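I have placed the structure first, in the form of structure tokens, so that the comments after it can refer back to it.
Protein chains: 2
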Amino acid sequence: MNLNIGDVSKRTGLRAKTIRYYEDIGLVKPLRDTNDYRVFREIDLHKLTFLSRARALGFTIDDCRNLLALYEDETRASADVKEITSKHLKEIEAKINDLQAMHATLSHLSKECAGDHRPDCPILEGLSGDDRR
Amino acid sequence: MNLNIGDVSKRTGLRAKTIRYYEDIGLVKPLRDTNDYRVFREIDLHKLTFLSRARALGFTIDDCRNLLALYEDETRASADVKEITSKHLKEIEAKINDLQAMHATLSHLSKECAGDHRPDCPILEGLSGDDRR
DNA sequence: CTTGACCCTCCCCTTACTGGAACCCCCATG
DNA sequence: CATGGGGGTTCCAGTAAGGGGAGGGTCAAG
């Protein structure tokens, strides 16, 4: 079960470049063949799968590093995992809120805009400081 | 009405660093005093206010550049402004959707996790490929 | 004359990769 | 034997939108 980077890429959905990057920053440590090719063992595959999913859920690389350490630590406390996750959830909520606020403002302005050949535009008025709302 | 960068910073809410950056990339072109200090006219102030608001609404710098050009073009068609805005709105919606999906998955996993001193953790199981859901 | 608040430029750092150049390795085919 | 294709390798540079900090000039007040 020794895989080349291309095989791992296919199985994890991560691009080869990304996998090399993850090695660069110390997230995985594949072995090397005599021809310098990276050799991935099953554990590397597990880690990369883990990383792929964690990244897809929006965790930062830094969070991933910590989660991975917990993943590999049989004596971990699930509270530590949950804390990272809760913090992340709060950030997600904050982002959603920000985006929804932007969306509300913009869709309001957009609705007012005729969107034709004339120059009059409530969107631009809203963006400049024309506070005649 | 000639302002230094600090004055402009206070009035627009943009940091001095940001204003210098905007000059760097050609969004504003303040004059220069004999001592090399930037001299901002009213038009610069307007532009920077515009940029500040547009950025706060999540437009990219590139969008801002185009919006600013339309803002200054008296012969613009409001349709052009509206198009940029609509595209941006769609991106915001896509991001909100992504974030909500992440949130759903993560909050589900998080609820299942005891968050105590024990190592068992459904979050980590979800992140590894343990598909025993 | 000195002090503190401004202002200037220049350069590196950030996140999480992505693209490209230049090169090596291995196998199959004509 | 040459060559072509499809792996792999390294290193360098760049992205968005600034942030941090060094090192130095300027201005107004006491």
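Read top to bottom, the protein sequences are chains L and C.
In our numbering, each number is its position in the first sequence, counted from 1, plus 193.
In our numbering, each number is its position in the second sequence, counted from 1, plus 193.
For every residue, glycine included, the Cβ atom is placed at its ideal position computed from N, Cα and C.
Note that this is a predicted model, so its numbers are computed, not measured.
#1: Between the Cα of C/ARG255 and those of C/GLU235, C/LEU220, C/ALA297, spot the shortest distance and give me the residue it belongs to.
#2: Does C/THR253 come within less than 8 Å of chain L when only Cβ atoms are used?
#3: For my contact list, L/ARG269 and L/LEU263 are in at a C-beta cut-off of 8 Å; report their separation, rounded to the angstrom.
#4: Going residue by residue through the segment 259 to 311 of chain L, where are the continuous alpha helix (DSSP H) segments of at least 4 residues, counting only ones entirely within it?
#5: Provide the residue span of the alpha helix (DSSP H) that contains C/THR242, from first to last.
#6: Within its chain, find whatever has a CB closer than 7 Å to the CB of C/LEU302; leave out the 5 residues flanking it on each side and keep chain order.
#7: On the DSSP letters alone, give me the boundaries of the alpha helix (DSSP H) that L/ASP200 sits inside.
#8: What's the call for C/MET194, buried or exposed, on a 16-neighbour Cβ count within 10 Å?
#9: Give the DSSP-derived three-state secondary structure of C/LEU220 in the structure shown.
#10: Which same chain residues end up closer than 7 Å to L/LEU207 when comparing Cβ atoms and leaving out the 5 residues on each side of it in sequence?
#11: Check each residue of the segment 204 to 216 of chain C: if its Cβ is closer than 9 Å to any Cβ of chain L, include it; give the result in chain order.
#12: In or out: L/ASP237 buried (at least 16 other Cβ within 10 Å) or exposed?
#13: Does the distance from the CB of C/ILE212 to the CB of C/VAL201 come in under 8 Å?
#14: Does C/ASP313 have its Cβ less than 8 Å from a Cβ in chain L?
#15: When we look at the beta-carbon of C/HIS310 and count the other beta-carbons within 10 Å, is it buried (16 or more) or exposed?
#16: Compile a chain-ordered list of the residues in the segment 225 to 239 of chain L whose CB is closer than 7 Å to at least one CB of chain C.
#17: Nearest chain C C-beta to L/ASP247 closer than 8 Å, yes or no?
#18: Could you check the C-alpha separation between L/ARG325 and C/ALA287 for me, to the nearest Å?
#19: Skipping 5 residues on each side, what residues in its chain have a beta carbon closer than 7 Å to that of L/PRO223?
#20: Tell me the rounded alpha-carbon separation between L/ASP266 and C/THR278.
#21: Using 8 Å as the threshold, is the C-beta distance between L/THR289 and C/LEU292 below it?
#22: Give every residue of the same chain whose Cβ lies closer than 7 Å to the Cβ of L/PHE380, excluding the five residues on either side of it in the sequence, and list them in chain order.
#23: Counting along the chain, where does the alpha helix (DSSP H) carrying L/GLY319 start and finish?
#24: Candidates C/ASN228, C/ARG258, C/LEU282: which alpha carbon is nearest L/LEU299's?
#25: I want to see whether chain C comes within less than 8 Å of L/ARG325, judged by CB atoms only; does it?
#26: Mind checking whether C/SER271 and L/PRO312 have CB atoms under 8 Å apart?
So, to answer that:
#1: The residue you asked about is not Arg; residue 255 of chain C is Asp in the sequence shown. Minimum Cα distance to C/ASP255 is reached at C/LEU220.
#2: no
#3: 5 Å
#4: 271 to 305
#5: 235 to 249
#6: PRO315, ILE316, GLY319
#7: 198 to 205
#8: exposed
#9: coil
#10: LEU241, SER245
#11: none
#12: buried
#13: yes
#14: yes
#15: exposed
#16: HIS239
#17: In the sequence as displayed, the identity of residue 247 of chain L is Ala instead of Asp. Answer yes: the Cβ-Cβ gap between L/ALA247 and chain C drops below 8 Å somewhere.
#18: Its pLDDT being 45, under 50, L/ARG325 is placed unreliably in this model, and the value from its coordinates should be taken loosely. Approximately 31 Å between the Cα atoms of the pair.
#19: GLU216, ARG231, VAL232, PHE233, ASP237
#20: 48 Å
#21: Looking at the sequence provided, one finds Ile at residue 289 of chain L rather than Thr. Yes.
#22: Nothing in the structure corresponds to residue 380 of chain L, since chain L is present only between 194 and 326.
#23: 315 to 320
#24: C/LEU282
#25: For L/ARG325, the pLDDT reaches just 45, beneath the cut-off of 50, and the residue's location in the model is therefore unreliable, although a value from the coordinates is still provided. No - not a single Cβ of chain C is within 8 Å of the one on L/ARG325.
#26: yes
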